[in-house]
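Residue numbers (UniProt numbering): 1 to 345. Below: the structure, in structure tokens.
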Ligand SMILES: [Zn+2]
């Protein structure tokens with residue numbers, strides 16, 4: 001499941017690829033035909049993320065920004081909203097015509113945004129030579145729930161947990177339920193760190209489980225959960241109410257830095273440079289884990305390889321990068337939890 005940083009990158013990508021354009025919206029798979037019909041031929045004017053929820057706002061095609069003037073985006077209440085949650089299996093696939101506007105936004109064509117990746121960095125290989133001929137989007141692959149086609153790009157959604165057209169009131173209701181999102185720079189309406197700290201401290205549930213609860217904090221997934229608790233030296237099984245408020249504030253502040261970095265780069269990197277020994281060969285006798293975790297930045301110049309990017313995530317059985325104790329793993333609420341029993345007490 002993508003973590004919040006990926007959904008924020010998706011929101012940005014939709015803005016870069018499609019903002020202001022009238023889109024052809026369809027449901028090649030047929031399961032979203034009525035919803036697609038409500039949006040088909042309307043103009044994408046808003047694109048935003050809150051945690052793992054993506055909201056795309058559509059206005060009537062006639063709501064065109066004045067040439068030369070400031071773009072006049074209608075108020076939220078005047079828009080129809082597409083709400084998408086990718087869940088465990090959902091993915092967005094992008095393709096473009098190779099025009100420069102598309103190059104920077106999506107990197108390589110037809111990359112899937114899903115389980116363990118995010119929007120790739122790197123050069124774009126144009127799908128077709130640039131020329132005067134109109135661009136034809138590639139045929140949909142797989143069960144495409146919704147397809148958005150703009151002037152230079154296409155976005156296909158497969159396998160989402162949620163995909164529906166909603167009103168502004170319904171958007172607000174979803175947002176009101178969500179905890180604060182460390183990536184958003186307007187956390188105040190949701191109470192920001194205070195609301196997060198209070199929600200954890202009134203619960204007997206383990207802090208490891210609470211961090212994955214989107215009503216407590218929005219956007220944190222399995223990787224950020226494991227890594228931020230390691231960096232805080234906090235035992236994930238500690239009951240929320242037993243964690244000092246000051247420690248939780250530190251966790252929030254760390255997530256702001258880590259997740260905004262993830263949103264900017266597309267990769268999750270939580271290790272400090274001095275702790276980055278590769279797992280492969282650095283620890284004789286340790287199980288070789290190459291390839292178990294991949295990020296789209298792998299192999300890009302200057303990127304931190306996936307096997308050096310994390311302290312504990314997916315490193316069970318390997319020595320802790322700081323103390324050498326084997327990293328532990330257990331199932332907690334049906335998700336795998338990783339931690340160092342020595343560093344995290
Ligand atoms: Zn350790």
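Positions of the beta carbon are idealized from the N, C-alpha and C atoms, including for glycine.
Using DSSP's beta-bridge definition, name the partner residues of residue i.
| i | result |
| --- | --- |
| residue 85 | 53 and 162 |
| residue 338 | 329 |
| residue 319 | 326 |
| residue 24 | 149 |
| residue 46 | 57 |
| residue 379 | With the chain represented from 1 up to 345, any question about residue 379 goes unanswered, as that position is not in the structure. |
| residue 80 | 58 |
| residue 144 | 158 |
Any idea if residue i is buried or exposed, counting beta-carbon neighbours within 10 angstroms, 16 or more meaning buried?
| i | result |
| --- | --- |
| residue 97 | buried |
| residue 52 | buried |
| residue 257 | exposed |
| residue 279 | buried |
| residue 193 | buried |
| residue 138 | exposed |
| residue 75 | exposed |
| residue 255 | buried |
| residue 199 | buried |
Which residues in the same chain as residue i place their Cβ atom closer than 7 Å to its Cβ, once the five residues preceding and following it in sequence are excluded?
| i | result |
| --- | --- |
| residue 15 | 47 |
| residue 195 | 179 and 180 |
| residue 208 | 225, 229, 236, 237, 332 and 337 |
| residue 259 | 4, 5, 182, 183, 219 and 224 |
| residue 150 | 17, 18, 21 and 23 |
| residue 247 | 232 and 234 |
| residue 177 | 215 |
| residue 11 | 47, 48, 49 and 54 |
Straight-line CA distance for residue i to residue j?
| i | j | result |
| --- | --- | --- |
| residue 213 | residue 13 | 26 Å |
| residue 316 | residue 324 | 12 Å |
| residue 147 | residue 28 | 7 Å |
| residue 303 | residue 273 | 12 Å |
| residue 228 | residue 9 | 21 Å |
| residue 182 | residue 232 | 16 Å |
| residue 90 | residue 1 | 8 Å |
| residue 318 | residue 269 | 18 Å |
| residue 330 | residue 172 | 36 Å |
| residue 78 | residue 169 | 11 Å |
| residue 308 | residue 271 | 7 Å |
| residue 245 | residue 185 | 22 Å |
| residue 243 | residue 143 | 45 Å |
| residue 73 | residue 159 | 30 Å |
On the premise that residue j lies in contact with residue i, defined as a C-beta separation below 8 Å, what is that separation, rounded to the nearest angstrom?
| i | j | result |
| --- | --- | --- |
| residue 93 | residue 40 | In fact, because the Cβ distance is near 19 Å, the residues do not count as touching under 8 Å. |
| residue 164 | residue 4 | Not really, about 20 Å apart at Cβ, beyond 8 Å. |
| residue 83 | residue 166 | 5 Å |
| residue 239 | residue 204 | 5 Å |
| residue 31 | residue 145 | 6 Å |
| residue 136 | residue 85 | About 30 Å separates the two Cβ atoms, so there is no contact after all. |
| residue 175 | residue 50 | 5 Å |
| residue 56 | residue 44 | 6 Å |
Residues in its own chain within less than 8 Å of residue i by CB, not counting five upstream and five downstream?
| i | result |
| --- | --- |
| residue 42 | 22, 23, 25, 58, 59, 60, 61 and 80 |
| residue 320 | 311, 312, 326, 327, 340, 342 and 343 |
| residue 250 | 232 |
Would you say residue i reaches chain B, if we count a Cβ-Cβ gap shorter than 7 Å as a contact?
| i | result |
| --- | --- |
| residue 345 | In the structure shown, chain B cannot be found, because there is only a single protein chain. |
Might you give, ordered along the chain, the residues of its own chain that have their beta carbon closer than 6 Å to the beta carbon of residue i, omitting 5 neighbours on each side?
| i | result |
| --- | --- |
| residue 112 | Because the pLDDT at residue 112 is just 48, under 50, the model does not fix this residue reliably, and the point stays unresolved. |
| residue 222 | 335 |
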